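Written out as structure tokens, the structure reads:
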């Protein structure tokens, strides 16, 4: 029925170490991804089985009928010998032979077991077959198939179908694994919103919770401590288990450390030291370092941040942490008390502000929840613009309150480190002259003066107070270091990207993060003093070529600019805006259909340059899996001759509906479906046509697009079922059954 997913299950703590942890930080700048965040929300009452299963679909018919033909009789060995039949095979036989129980080749015991499993299927035929169709009847019998295991399997099957918010589960033929996962989903759904489970708990992290014996602990932690479970893909659970692996229950900090909300977001050493500092006070009169950590972290970039632990553990300063408030005022209201009680001379000498950032904003306070099955975020950002996430006036009020408790006057020294991405970069949002390079350069310089980035704004705000140094990054940050080991002072460096805080021209020459590099290019080309060096640096990098995806983005955009657009700063600025979505293109979590990624991705690409961009990038090794699927969707919106390349991705990459559902944007493709799908299906239709058509039906089962209906009806060739050669159930991979698809598209017109 479905291909099996091979999963590597290991220690959660181990997966947080090494390159995997650093990889998380590479995406820390994606501020506009914050709406994925979601807070733990309790729901009642307890549901032993997901509610939607009550709407049972047509049951298997097992009524007595005509005597069974001897050649069609089931035998005990056929059903239970060796691995035996799969559940789907058994159901198919029962459908074809409603009088199966009259077989003289089945023992009474075998008939009892078969009836038990048919009864199980009867509870919700399509749901059960989606998740359990590939399972051995023997394994189901030996489970055993008692009431508790049935409940677990039904929860597992519902998760496999993904037709309601819950943990995203892939189908398996391992009955014991399905029972384990389904048994865990039930208690989680009874305590935590399904939308939260879908985003915060992955299949692997769920299995780890069970295997490591902390499922009930996690549920109690969510209920008692109300953490903000905002990170996607299992990161929340991984961090939670990693703290347990350090020998401590995350919930044990609730009473002793109220200044922090998400205990599992920190390493034990950091929590223990901060708790001790709050309890015992600054007895050695050390300089006070205050670390303000954002309440929500949609991708876990700041989870268990070893760089923060290094600062907290350093004996040359006294460090405290505030994390979790829902408003800027809740942060700022604590500053005065902390300064007076713990500060040397009542002052906060060093500050770290840690959160997802961009040119004029840093994610800080907020809370998250859900509405009508979608994630919602109520934020209070540090922002220099008035928008739904915050206001410039409230941001200035926050910073003024912070500066009021920092050193001031002659000889005063202080330091503010913005542990966030892109806070020293610049975005030019104004329209530029496409025909007059000189005027466009002036417009860029004016925009920079009128709309300072966060580093410049804060530096100017603090200028009258004394020597308050503000450090921020030109680019998205990763592999960051916040502590100077020689002096014990705060710093901001990156071992992998050493020019991230240097001059813009230096970052054009040697920076490695595409967004920061391209923003620096716009700024440097608009300055007559740096423009010649910028062009030379771009040429040098094109000559050197690229060895990775990031470098490919940079070299591709540089080459396009150098060949055609050096005199068009408007286009240069537009191309700079493509760096971030092109970078996200290679990130699995950033191309989910729920983001509307394909639509937004298409909108930022200059139509005249799509061919040059993708033509260059398609030669890279990363051009595989979901990357070409997403890219060709955006491309075909401008070039219908790319439909064939889009369809070809599915067979080249062997993508099923389950593989592609998060990356194929059916609403976006709606205007082109009649072009994508042939009006009449070929005898052997392309796998891509089948996948797209099936996804279109799944997206709107009650009223599927006519193009998809027409195409799929054509594959029936006048029959009442899909030809087995099409492998429809294998392509669906448990999202739906072929029977459901047939009911949705209806019979072909007479």
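In my numbering, the protein residues as written are 1 to 750. C-beta atoms are modelled at their ideal positions from N, C-alpha and C, and glycine is treated no differently. Model, not experiment: these values are computed from the prediction.
Between the alpha carbons of residue 500 and residue 163 lies a gap of roughly 44 angstroms.
A direct Cα-Cα distance of roughly 29 angstroms separates residue 558 from residue 301. The DSSP-derived three-state label of residue 371 is strand. The three-state reading of DSSP puts residue 604 in helix, counting H, G and I together. Here DSSP, grouped into helix, strand and coil, assigns residue 492 to strand. Shown here, residue 381 sits in a strand according to DSSP, grouped into three states.
In this structure, DSSP gives residue 344 an extended state, which the three-state scheme calls strand. Close CB contacts of residue 224 within its chain, under the 7 angstroms cut and outside five residues either way in sequence, are with 251, 254 (chain order). The secondary-structure analysis by DSSP pairs residue 414 across a beta bridge with 468.
Inclusion of residue 560 and residue 575 in the CB contact set at 8 angstroms is warranted, their separation being smaller than that value. For residue 456, the enclosing alpha helix (DSSP H) has its first and last residue at 454-461.
Uninterrupted alpha helix (DSSP H) stretches at least 4 residues long and entirely within the region 177-203 occur at 194-200, given in chain order.
The region 339-347 makes no contact with the region 482-497: fewer than 3 CB pairs, one atom from each, lie closer than 8 angstroms. Counting only the Cα atoms, residue 318 lies some 55 angstroms from residue 654.
Per DSSP, residue 743 is one residue of the alpha helix (DSSP H) stretching across 738-745.
Going by C-alpha positions, residue 116 is about 17 angstroms away from residue 126.
With distances taken between CA atoms, residue 618 lies nearest to 553 out of 215, 553, 679. Per the Cβ contact rule, the region 544-552 is not in contact with the region 522-532 (fewer than 3 Cβ pairs under 8 angstroms). Taken through DSSP and simplified to helix, strand or coil, residue 364 comes out as strand. Distance from the CA of residue 732 to the CA of residue 662, rounded to the nearest whole angstrom, comes to 13 angstroms.
For residue 668, the enclosing alpha helix (DSSP H) stretches over residues 666-669. With a cutoff of 8 angstroms on beta-carbon distance, residue 475 and residue 530 are scored as not near each other. Taking a 10 Å sphere around the C-beta of residue 721, we find fewer than 16 other C-beta atoms and assign the residue as exposed.
The alpha carbon of residue 490 has as its nearest neighbour, out of 478, 573, 352, the alpha carbon of 352. One thing to note: residue 726 has its Cβ no nearer than 8 angstroms to the Cβ of residue 658. In the three-state reduction of the DSSP assignment, residue 399 falls in the helix class. Secondary structure note for residue 480: it is in no alpha helix (DSSP H), and the uninterrupted beta strand (DSSP E) holding it is 480-483. With 16 or more other CB atoms across the displayed protein chains lying within 10 angstroms of its CB, residue 327 is buried. As a beta-bridge residue in DSSP terms, residue 390 pairs with 387. Contact between the region 199-209 and the region 228-241 is present, with at least three C-beta pairs closer than 8 angstroms. Judged by DSSP secondary structure, residue 120 falls within the alpha helix (DSSP H) whose first and last residues are 108-122.
Counting the other Cβ atoms within 10 Å of the Cβ of residue 702 gives fewer than 16, which makes it exposed.
The beta carbon of residue 712 sits closer than 6 angstroms to those of 693, 745, all from its chain and outside the five residues before and after it, given in chain order. In terms of Cα proximity to residue 134, the closest of 687, 304, 147, 172 is 172. Assignment of residue 318 by DSSP, reduced to helix, strand and coil, places it in the strand class.
DSSP places residue 440 in the helix class (H, G or I) of the three-state scheme.
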